[in-house]
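Peer 1: Before I ask anything, here is the structure I am working with.
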């Protein structure tokens with residue numbers, strides 16, 4: 001069913017059809033829009049688009065009706081909900097701001113039922129320069145900025161991976177240009193804040209907070225040469241986790257289900273390792289992700305999180321034909337000091 005378009009709609013139906021027809025990658029519960037001119041191979045885009053674009057494509061059409069004409073959806077990810085009949089998405093929306101730089105916000109959109117042809121806004125979250133993203137150790141992640149913290153749980157591991165990639169990219173731009181409250185940045189957010197109209201029960205779910213736990217500091221390590229019981233367990237977790245993720249369809253399984261499978265194989269409760277498991281899961285996903293072609297024979301395999309805020313770290317794969325006329329590859333680790341760009 002197509003959503004109803006009035007004469008004074010924010011975006012016309014023809015415009016929405018054009019936006020939907022543009023290339024976007026889909027996995028279960030997530031759509032990642034590709035910029036024009038992207039070098040991704042056409043057949044792969046079409047294959048993944050057709051596989052998962054059923055309900056999601058209809059929901060995307062409804063989402064576009066809430067946007068201003070100058071705004072673009074970068075990512076839409078379906079989240080778990082406490083109410084089975086409801087469907088909710090986080091949507092990363094970007095636009096060209098007053099300072100001629102890309103600005104991004106996160107919108108929470110609610111569908112009353114799976115077949116709803118319209119949606120409402122339940123959350124508006126600006127991505128300022130202080131925005132931090134943390135894995136919660138239970139199949140989701142939190143986004144904190146200024147005095148706000150919101151927790152999101154995507155419906156699959158692959159959807160979470162897409163979410164983290166898109167949000168980290170948007171936050172990097174915000175930090176680079178120092179977006180802060182009260183500035184001329186993100187002034188357009190008021191348009192969406194005035195249009196929050198979801199039911200109160202939906203708004204409450206967007207604002208739900210996990211229980212805050214306090215932990216005492218660990219005791220000092222006296223014998224560093226001997227692996228602790230925790231270290232031995234973490235090594236086993238890493239090995240088992242990789243085996244499980246290589247065997248499972250990551251577009252149809254949540255990180256919580258992977259942890260349950262891991263506990264069954266290791267025959268123990270891994271509650272205290274939840275955060276470690278989620279972090280390792282993201283590392284493994286990055287290693288499994290397809291490389292992006294930069295130039296001929298040069299591929300960006302994955303961007304790594306650096307321990308230093310002023311440093312960006314990448315793995316680059318360079319391929320060439322060897323003496324035996326077979327393709328050979330070398331892996332280069334590259335660090336870039338972001339201060340050099342200023």
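In full-length UniProt numbering, the protein residues as written are 1 to 342. Using N, Cα and C, we set each Cβ at its ideal position, and we do this for glycine too. The structure presented is a predicted model; accordingly, all values stated were derived computationally and were not measured.
Is residue 120 buried or exposed, if buried means 16 or more other CB atoms sit within 10 Å of its CB?
Peer 2: Label assigned to residue 120: buried.
Peer 1: Throw me the rounded Cβ distance for the residue 240 and residue 265 pair, which I believe falls under 8 Å.
Peer 2: Going by Cβ atoms, the distance from residue 240 to residue 265 rounds to 6 Å, so yes, they are a contact pair.
Peer 1: Give the single residue among 283, 102, 277, 194 whose Cα lies nearest to the Cα of residue 177.
Peer 2: With distances taken between Cα atoms, residue 177 lies closest to 102.
Peer 1: Are residue 274 and residue 137 touching if we call contact CB-CB under 7 Å?
Peer 2: A contact, by the Cβ cut-off of 7 Å.
Peer 1: What residues are listed by DSSP as bridge partners for residue 154?
Peer 2: Bridge partners of residue 154: 79.
Peer 1: So, at 7 Å on beta carbons, what are the nonlocal neighbours of residue 124 in its own chain, with the 5 sequence-adjacent residues on each side left out?
Peer 2: So the list reads 105, 107, 189, 192, 193, 196, once near-sequence residues are dropped.
Peer 1: From this set, 276, 65, 63, 31, which residue's C-alpha is nearest residue 238's C-alpha?
Peer 2: Of the candidates 276, 65, 63, 31, the one whose C-alpha sits nearest the C-alpha of residue 238 is 276.
Peer 1: Which ranges does the beta strand (DSSP E) cover as unbroken runs of at least 3 residues, wholly within the region 132-181, from first to last along the chain?
Peer 2: Whole beta strand (DSSP E) segments, 3+ residues: 132-135, 141-145, 148-152.
Peer 1: Is the beta carbon of residue 161 sitting closer than 7 Å to the one on residue 285?
Peer 2: Contact flag set, yes.
Peer 1: With 16 as the cutoff for other CB atoms within 10 Å, does residue 201 come out buried or exposed?
Peer 2: Under this definition residue 201 is an exposed residue.
Peer 1: Rounded to whole angstroms, what is the Cα-Cα separation between residue 92 and residue 227?
Peer 2: Roughly 43 Å between the two C-alpha positions.
Peer 1: Assign residue 104 to one of three DSSP states: helix, strand, or coil.
Peer 2: Strand at residue 104.
Peer 1: For residue 60, which residues does DSSP report across the bridge?
Peer 2: Beta-bridge pairing links residue 60 to no other residue.
Peer 1: Please classify residue 146 as buried or exposed, where buried requires at least 16 other C-beta atoms within 10 Å of its C-beta.
Peer 2: Exposed is the call here.
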